[in-house]
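Numbering-wise, the sequence shown is residues 1 to 414 according to the UniProt record's numbering.
For each residue, glycine too, the CB sits at the ideal point set by N, CA and C.
These figures come from a predicted structure and were not determined experimentally.
The structure appears right after this line, and notes come after that.
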Amino acid sequence: MSVQHSILEIFSDDNIAGVAFKNKSLKRAIINYLDDTGDSTITDLATALNISVPKTTSLINELITAGLVKDYGKVDSKGGRRASMYGLVAESGFFVGVDIKNFYINLGLLDFKKNMVTSQMHVPFKLANTNESFDQLIHIIQTFIGGLSVNRKKILAICLNLSGRVNSESGYSYSFFHFNEEPLSKVVERTIGIPAFLENDSRAMAYGEFHTGNVHDEKNVLFVNLDYGIGLGIMIDGHIYRGKSGFGGEFGHIPLFTNEIICHCGKKGCLETEASGQALIRLFKDRIEHGSTSVLLKNKSLPADLRLADIIEATNNEDVLCIELIAELGEKIGRGISVLINIFNPELVILGGTLAETGDYIRLPIRSALNKYSLSLVNNDTQLRMSKLHEKAGVIGGCLLARNKLLSGGLIEK
């Protein structure tokens with residue numbers, strides 16, 4: 001039996017009973033314990049899981065035979081006799097995260113011990129709700145997998161992060177690639193031949209940042225994704241909050257303004273209409289038309305394909321107009337985040353996404369707005385930090401979510 005078959009068998013939800021079911025449950029418990037705590041002795045495992053030492057030894061030996069657990073050698077023990085340390089085998093399985101942006105894709109490969117093996121960032125791509133865009137996405141994923149040094153059969157799951165409305169449980173995307181009745185996750189799985197899952201991009205970024213980024217002991221964390229749109233990943237008591245239909249976190253569509261700008265959601269006055277990357281590009285062009293100047297002007301005209309990344313780069317190169325606009329956006333974003341702080345009373349708010357790459361240019365006006373608009377007693381308990389993982393937050397989160405799907409028997413992370 002292959003290692004991959006062993007993993008899928010242990011974490012499947014097949015209807016079995018009796019001793020076989022009990023052994024499978026105990027193996028899951030051992031793997032999850034080693035996953036949470038790291039390498040362990042048989043004695044410690046037996047104590048933690050309330051299993052007899054002989055039974056634990058038998059199960060460990062079966063997991064070693066299956067290639068999932070390894071004896072990492074002897075360590076000193078309290079009784080004087082050296083005991084063996086057992087841990088997961090990193091190369092027993094791998095997981096792929098695919099973080100889909102407006103103009104590029106980030107991809108990564110994670111091993112079974114949660115080490116990022118490799119990543120490929122900024123692969124050119126144009127996100128659109130078309131068959132051509134979907135075919136290009138599949139080609140990019142296939143090319144990435146084909147170029148890996150690991151056996152394709154060892155890739156156990158893939159997670160795709162998409163912006164907009166995504167139902168992680170059903171596998172449907174309601175914003176992109178909804179061409180037929182079959183869930184998008186099933187279409188990808190059938191096309192690529194590897195179990196596939198979907199996640200909203202902001203939630204994936206929040207998950208990656210929470211587990212490997214700028215989170216310390218905090219359990220209640222909001223991750224604000226500032227990009228072409230504005231997204232929100234919500235972590236409550238250390239777990240992702242998705243809402244009943246999977247659409248929780250539509251922060252960008254809070255009707256915060258009384259304007260006549262129609263948002264892409266079809267409503268007017270959304271936060272995104274005045275404080276998102278799309279809004280920044282519109283405001284920038286409007287200021288240029290009214291006589292403002294910028295380093296982005298070439299021969300008195302703007303590039304035809306002006307992108308958010310261009311304005312971010314100009315901001316960080318001290319372009320006055322860009323800095324002013326980022327400050328204006330920061331004040332509006334801070335006003336919106338104040339609403340979140342007053343509702344959730346979180347321990348931590350993390351700013352991530354493309355706009356967050358301007359650092360203090362956007363952080364300081366957001367901080368100022370929080371002081372102005374949020375309740376002081378609530379605000380004082382909330383820290384504000386920038387993303388530590390930056391561009392890799394989503395791809396790391398996607399890899400971890402794909403792995404979590406498998407280790408939870410294919411269920412949604414609770």
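Handout entry: Own chain residues within Cβ distance below 6 Å of Cys399, not counting five before or after
Key = For the purposes of this step, residue 399 is taken as the residue at position 399 of the sequence shown. So the list reads Phe95, Gly97, Gly108 and Leu110, once near-sequence residues are dropped.
Handout entry: Nearest to Ile155 (by Cα), restricted to the options Gly193, Asn161 and Gly213
Key = On the sequence shown, residue 155 is found 155 positions in, with the first residue counted as 1. Ile155 has its Cα closest to that of Gly193, out of Gly193, Asn161 and Gly213.
Practice task
Decide if the segment 165-182 is in contact with the segment 63-73; the criterion is three or more beta carbon pairs, one per stretch, under 8 Å apart.
Solution key: The segment 165-182 vs the segment 63-73: no contact.
Exercise for the section: Taking Asn161 as the reference, give the member of Arg367, Ser84, Leu271 and Ser185 with the closest Cα. Expected result: The residue given as residue 161 occupies position 161 in the sequence shown. Comparing alpha carbon positions, the residue from Arg367, Ser84, Leu271 and Ser185 closest to Asn161 is Ser185.
Handout entry: Within 8 Å, strictly: CB atoms of Ile158 and Ala369
Key = Taking the first residue of the sequence shown as 1, we reach residue 158 at position 158. Taking the first residue of the sequence shown as 1, we reach residue 369 at position 369. Their beta carbons are not under 8 Å apart, which means Ile158 does not touch Ala369 by this criterion.
Problem - Residue span of the alpha helix (DSSP H) that contains Pro124, given as start and end - result: In the sequence shown, residue 124 corresponds to position 124, counting from 1. Here Pro124 belongs to no alpha helix (DSSP H); instead the beta strand (DSSP E) covers Met116 to Pro124.
Handout entry: Proximity below 8 Å, CB of Gly336 to CB of Ile362
Key = The residue given as residue 336 occupies position 336 in the sequence shown. The residue given as residue 362 occupies position 362 in the sequence shown. Between Gly336 and Ile362, the CB-CB gap reaches or exceeds 8 Å.
Problem - Beta-bridge pairing of Tyr86 - partner residues as DSSP gives them - result: Position 86 of the sequence shown, counting from 1, holds the residue named residue 86. As computed with DSSP, Tyr86 is found in a beta bridge with Ser40 and Asp71.
Handout entry: Distance, Gly67 Cα to residue 476 Cα
Key = The displayed coordinates of the chain run from 1 to 414. Any statement about residue 476 would go beyond what the structure contains.
Practice task
For Val295, I'd like the list of residues in its chain whose CB is within less than 8 Å of its CB, leaving aside the five on either flank, ordered along the chain.
Solution key: Looking up residue 295 in the sequence shown gives position 295. Non-local C-beta neighbours of Val295 in its own chain, meaning closer than 8 Å and more than five positions away in sequence, comprise Ala314, Asn317 and Asp319, ordered along the chain.
Exercise for the section: List the DSSP bridge partners of Tyr301. Expected result: Sequence index remark: in the sequence shown, residue 301 carries index 301 (1-based). Reading the sequence as shown, one finds Ser at residue 301 and not Tyr. Note: Ser301 sits in a beta bridge opposite Lys298.
Practice task
Measure the alpha-carbon distance for Val215 versus Ser202 and round it to whole angstroms.
Solution key: Taking the sequence shown and counting its residues from 1, one reaches residue 215 at position 215. Taking the sequence shown and counting its residues from 1, one reaches residue 202 at position 202. If you draw a straight line from the Cα of Val215 to the Cα of Ser202, it comes to about 16 Å.
Practice task
Tell me Gln383's beta-bridge partners as DSSP assigns them.
Solution key: In the sequence shown, the residue the question calls residue 383 occupies position 383. Per DSSP, Leu348.
Exercise for the section: Use the C-beta contact count for Asn404: other C-beta atoms within 10 angstroms, 16 or more gives buried, fewer gives exposed. Expected result: As a first step, residue 404 must be located in the sequence shown, where it is residue number 404. Per the 10 Å Cβ criterion, buried.
Handout entry: Contact check, Glu347 vs Val224, beta carbons under 8 Å
Key = In the sequence shown, residue 347 corresponds to position 347, counting from 1. In the sequence shown, residue 224 corresponds to position 224, counting from 1. Note that the C-beta distance between Glu347 and Val224 is not below 8 Å.
Exercise for the section: Whole angstroms is fine: what's the gap from Phe251's alpha carbon to Met121's? Expected result: As a working note, residue 251 is residue 251 in the sequence shown. As a working note, residue 121 is residue 121 in the sequence shown. Across the structure, Phe251 and Met121 are spaced so that their CA atoms are roughly 27 Å apart.
Exercise for the section: Would you identify the three-state DSSP class for Val221, choosing helix, strand or coil? Expected result: Here residue 221 corresponds to residue number 221 of the sequence shown, with the count starting at 1. Val221 falls in the strand class under three-state DSSP.
Practice task
Would you mind sorting Glu289 into buried or exposed? The rule is 16 or more other CB atoms within 10 Å of its CB.
Solution key: Reading the sequence shown from its first residue, position 289 is the one you call residue 289. So Glu289 counts as exposed.
Exercise for the section: Assign Ile105 to one of two classes, buried (16 or more other C-beta atoms within 10 Å of its C-beta) or exposed (fewer than that). Expected result: The residue given as residue 105 occupies position 105 in the sequence shown. By the neighbour-count criterion, in which 16 or more other beta carbons inside 10 Å mark a residue as buried, Ile105 falls on the buried side.
Handout entry: Pair within 8 Å by beta-carbon distance, Ala29 and Leu49
Key = On the sequence shown, residue 29 is found 29 positions in, with the first residue counted as 1. On the sequence shown, residue 49 is found 49 positions in, with the first residue counted as 1. Contact: yes.
Problem - Beta-ladder partner(s) of Leu226, from DSSP - result: Here residue 226 refers to the residue found at position 226 when the sequence shown is read from its first residue. Per DSSP, the beta bridge partners of Leu226 are Ile230.
Practice task
Determine the DSSP secondary structure at Lys372, reduced to helix, strand or coil.
Solution key: If you number the sequence shown from 1, residue 372 lands on position 372. Correct three-state label for Lys372: helix.
Problem - Opening and closing residue of the alpha helix (DSSP H) in which Cys399 lies - result: The residue given as residue 399 occupies position 399 in the sequence shown. That run of the alpha helix (DSSP H) goes Lys392 to Leu407.
Exercise for the section: Pull up the DSSP beta-bridge partners for Met235, would you. Expected result: On the sequence shown, position 235 is the one that residue 235 refers to. Beta-bridge partners of Met235 (DSSP): Val221 and Ile240.
Practice task
Label Asp227 either buried or exposed according to how many other C-beta atoms from any shown protein chain fall within 10 Å of its C-beta, with 16 as the threshold for buried.
Solution key: Position 227 of the sequence shown, counted from the first residue, corresponds to residue 227. Result: buried.
Practice task
Give the secondary structure of Asp35 by DSSP, where H, G and I count as helix, E and B as strand, and everything else as coil.
Solution key: Numbered from 1 along the sequence shown, position 35 holds the residue referred to as residue 35. Asp35: helix per DSSP, three-state reduction.
Handout entry: Beta-carbon separation (whole angstroms), Gly249 vs Ser387, contact threshold 8 Å
Key = As a working mapping, residue 249 is identified with position 249 in the sequence shown. As a working mapping, residue 387 is identified with position 387 in the sequence shown. Going by Cβ atoms, the distance from Gly249 to Ser387 rounds to 16 Å, so no, they are not a contact pair.
Handout entry: Straight-line gap, Ile311 to Asp286 (C-alpha atoms, nearest Å)
Key = Position 311 of the sequence shown, counted from the first residue, corresponds to residue 311. Position 286 of the sequence shown, counted from the first residue, corresponds to residue 286. The straight-line gap from Cα to Cα measures roughly 14 Å.
Exercise for the section: Give a yes or no on whether the C-beta atoms belonging to Ile240 and Val339 are separated by under 8 Å. Expected result: Numbered from 1 along the sequence shown, position 240 holds the residue referred to as residue 240. Numbered from 1 along the sequence shown, position 339 holds the residue referred to as residue 339. Cβ distance not < 8 Å, so Ile240 and Val339 don't count as in contact.
Handout entry: Closest residue to Phe144 among Asn345, Val117 and Ser40 (Cα-Cα distance)
Key = Indexing the sequence shown from 1 puts residue 144 at position 144. Closest option to Phe144, Cα to Cα, is Val117.
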